[in-house]
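Down below is the structure, laid out as structure tokens.
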Amino acid sequence: MLFDTHTHLDSAAFDEDREAVIQRAVDQGITRMINIGFNRETIPTTMQLAEKYDFIYAAVGWHPVDAIAMKEEDLEWIASLTAHRKVVAIGEIGLDYHWDTSPKEIQHKVFRQQIQLAKELNLPIVIHNRDAHEDVLRILKEEKASEVGGVMHSFSGSWETAKQCLHMGFHISFGGPITFKNAKQPKEVLTQVPLDRLLLETDAPYLTPHPFRGKRNESSYVKYVAEQAAALKGLSLEEISEITTRNGLERFGI
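Residue numbers (UniProt numbering): 1 to 254.
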């Protein structure tokens with residue numbers, strides 16, 4: 001019983017075999033998945049998946065890479081979609097200083113707007129943070145994001161950063177990188193995250209875990225993430241699966 005809390009099954013990478021990919025996940029014991037709609041193209045396809053499959057839920061938001069393209073009506077659109085019973089979070093939202101596509105000040109504005117929206121709607125937020133730890137933490141604190149909490153997706157920060165996120169009521173989610181040999185920091189952080197705040201994800205088709213690194217990721221591979229998390233925590237695969245699935249159900253109100 002596993003929960004892939006962050007996936008992109010609507011990606012073009014799955015156009016040739018999407019149903020087979022989803023069936024493989026089911027066959028591997030993945031009982032829930034959250035697909036992420038993060039811009040004008042992926043929000044509708046995410047909603048289609050959530051409506052087609054009972055076990056797929058949706059998060060909708062505006063990715064920082066695309067922040068420059070967001071209009072006021074897009075924010076209103078996201079708000080309207082949260083009335084759907086399968087929409088369980090606002091996300092992925094945040095800051096991305098790696099890809100130089102949206103100016104920082106625009107990313108900050110769009111991030112703040114969506115935190116405010118999540119607070120109005122009382123929904124958790126899913127945070128994308130790439131090379132922007134300091135500003136992400138500052139904005140979360142200034143916008144009082146602790147009122148709703150959420151998930152630090154594909155966490156790559158230090159334990160000091162993780163502690164601040166935990167203090168604000170966030171869960172910490174880990175994916176394929178914890179299976180990499182040289183991923184010292186994520187492994188160290190995972191060992192210190194309290195069990196009741198731990199989530200697992202794939203971010204498929206990205207961040208493929210060992211032994212498939214370099215190939216397309218898919219939701220069934222969350223099993224390899226769970227195996228590594230179990231080893232790091234000194235638990236069985238069954239124990240880590242049960243704990244992280246329960247955490248996901250509670251965090252997203254499923």
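Every residue, glycine too, gets a C-beta built ideally from N, C-alpha and C.
Quick one: measure Cβ to Cβ for valine 126 and glycine 150, integer angstroms, because I've assumed they're closer than 8 Å. Residue mapping note: residue 126 aligns to position 126 of the sequence shown, counting from 1. Residue mapping note: residue 150 aligns to position 150 of the sequence shown, counting from 1. About 6 Å separates the CB atoms of valine 126 and glycine 150; that is less than 8 Å, so the two are in contact.
Starting from the Cα of glutamate 143, find the closest Cα among Phe155, Ile115 and Val222 and give me that residue. Looking up residue 143 in the sequence shown gives position 143. With distances taken between Cα atoms, glutamate 143 lies closest to Ile115.
Which ranges does the alpha helix (DSSP H) cover as unbroken runs of at least 4 residues, wholly within the region 87–136, from first to last along the chain? The region 87–136 contains these whole alpha helix (DSSP H) runs: 104–121.
Under 7 Å Cβ to Cβ from histidine 128, same chain only, skipping five residues before and after it: list those, please. The sequence position of residue 128 within the sequence shown is 128, counting from 1. Contacts found: His63, Pro64, Glu92, Ile93, Gly94, Asp96 and His153.
Do phenylalanine 55 and threonine 245 have their C-beta atoms within less than 7 Å of each other? The residue given as residue 55 occupies position 55 in the sequence shown. The residue given as residue 245 occupies position 245 in the sequence shown. Between phenylalanine 55 and threonine 245, the C-beta gap is not smaller than 7 Å, which leaves the two residues out of contact.
Please classify arginine 197: does DSSP put it in a helix, a strand, or coil? Numbered from its first residue, the sequence shown carries residue 197 at position 197. Arginine 197 carries a helical assignment under DSSP once its states are collapsed to helix, strand and coil.
Asparagine 35 lies in the beta strand (DSSP E); which residues open and close that run? If you number the sequence shown from 1, residue 35 lands on position 35. Annotation for asparagine 35: the continuous beta strand (DSSP E) segment containing it runs 30–37.
Return the bridge partner residues of glutamate 84 from the DSSP annotation. Residue 84 sits at position 84 when you count from the first residue of the sequence shown. Looking at the sequence shown, residue 84 is not glutamate but histidine. Under the DSSP definition of a beta bridge, histidine 84 lacks any partner.
For threonine 191, collect the residues of the same chain with a Cβ closer than 8 Å to its Cβ; drop the 5 residues on either side in sequence, then sort them by chain order. Numbered from 1 along the sequence shown, position 191 holds the residue referred to as residue 191. Closer than 8 Å at Cβ, skipping near neighbours: Leu232 and Lys233.
Measuring CB to CB, does proline 209 end up less than 7 Å from valine 225? Along the sequence shown, one-based indexing puts residue 209 at 209. Along the sequence shown, one-based indexing puts residue 225 at 225. With contacts defined by Cβ atoms closer than 7 Å, proline 209 and valine 225 form a contacting pair.
Can you tell me whether alanine 12 is buried or exposed? The criterion is at least 16 other CB atoms within 10 Å of its CB, across all chains shown. Position 12 of the sequence shown, counted from the start, is the residue given in the question as residue 12. The residue in question, alanine 12, is exposed, as its Cβ has fewer than 16 Cβ neighbours within 10 Å.
Does the beta-carbon of lysine 184 have 16 or more other beta-carbons within 10 angstroms, so that it is buried, or is it exposed? Indexing the sequence shown from 1 puts residue 184 at position 184. Flag for lysine 184 reads exposed.
At least three beta-carbon pairs within less than 8 Å, the region 8–27 to the region 172–187: In short, these stretches do not touch, since the Cβ pair count stays below three.
For the region 101–109 against the region 29–43, do three or more pairs of beta-carbon atoms, one drawn from each stretch, fall closer than 8 Å, so that the two count as touching? No, because fewer than three Cβ pairs between the region 101–109 and the region 29–43 fall closer than 8 Å, the two stretches do not touch.
Please report the residue range of the alpha helix (DSSP H) in which histidine 167 lies. Looking up residue 167 in the sequence shown gives position 167. Taken as a continuous stretch (DSSP letters only), the alpha helix (DSSP H) holding histidine 167 covers 159–167.
Spatial distance of residue 255 from alanine 79 (CA atoms): Only positions 1 to 254 of the chain appear in this structure, which leaves residue 255 out of reach.
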